[in-house]
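Undergrad: All letters in the sequence shown, in the order written, are residues 1 to 87 by UniProt numbering.
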Amino acid sequence: MSFSPTTHRLLTASQLGQLLASTRKRHKITQATVGTRVGLSQNRISYLESHPDEISVKQLLSWCSALELELQLGERDTSAASNTAEW
Numbered sequence: 001m002s003f004s005p006t007t008h009r010l011l012t013a014s015q016l017g018q019l020l021a022s023t024r025k026r027h028k029i030t031q032a033t034v035g036t037r038v039g040l041s042q043n044r045i046s047y048l049e050s051h052p053d054e055i056s057v058k059q060l061l062s063w064c065s066a067l068e069l070e071l072q073l074g075e076r077d078t079s080a081a082s083n084t085a086e087w
């Protein structure tokens with residue numbers, strides 16, 4: 001059985017927190033394990049999953065590595081009518 005990578009479009013910090021938590025749970029990794037890999041305590045990982053707007057870029061990149069996520073940035077398609085989220 002092969003794994004098909006999934007791409008998520010994130011427009012808000014809240015969506016980032018949900019993605020980090022759900023990916024961690026899907027991989028059956030504890031907050032403590034993520035914390036060890038990122039260099040933070042379990043309590044801080046728990047807090048940041050609920051307050052992702054406080055994650056530093058360095059922490060985010062380490063967190064992505066710990067969860068086998070890839071961070072990609074690109075220009076937003078402004079022609080899409082359904083894209084109404086504000087930054």
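Using N, Cα and C, we set each Cβ at its ideal position, and we do this for glycine too.
Leaving out five residues on either side along the sequence, give the residues of the same chain with a beta carbon under 6 Å from the beta carbon of residue 64.
TA: For residue 64, where only same-chain residues beyond five positions count, the Cβ hits under 6 Å are 71.
Undergrad: Since residue 26 is in the alpha helix (DSSP H), which residue starts that stretch and which ends it?
TA: 13 to 26
Undergrad: Taking the C-alpha atoms as reference points, what is the distance between residue 61 and residue 28?
TA: Straight-line measurement puts the Cα of residue 28 at about 20 Å from the Cα of residue 61.
Undergrad: Let's see if you can read the secondary structure: which residues bound the alpha helix (DSSP H) around residue 29?
TA: Here residue 29 belongs to no alpha helix (DSSP H), and DSSP marks it neither H nor E.
Undergrad: When burial is assigned at 16 or more other CB atoms within 10 Å of the CB, is residue 17 buried or exposed?
TA: buried
Undergrad: Does residue 57 pass the burial test, meaning 16 or more other C-beta atoms within 10 Å, or should it be called exposed?
TA: exposed
Undergrad: Would you kindly check if the distance between the Cβ of residue 31 and the Cβ of residue 42 is under 7 Å?
TA: yes
Undergrad: Within 10 Å of its beta-carbon, does residue 49 have 16 or more other beta-carbons around it, so buried, or fewer, so exposed?
TA: By the C-beta density criterion, residue 49 is buried, having at least 16 other C-beta atoms within 10 angstroms.
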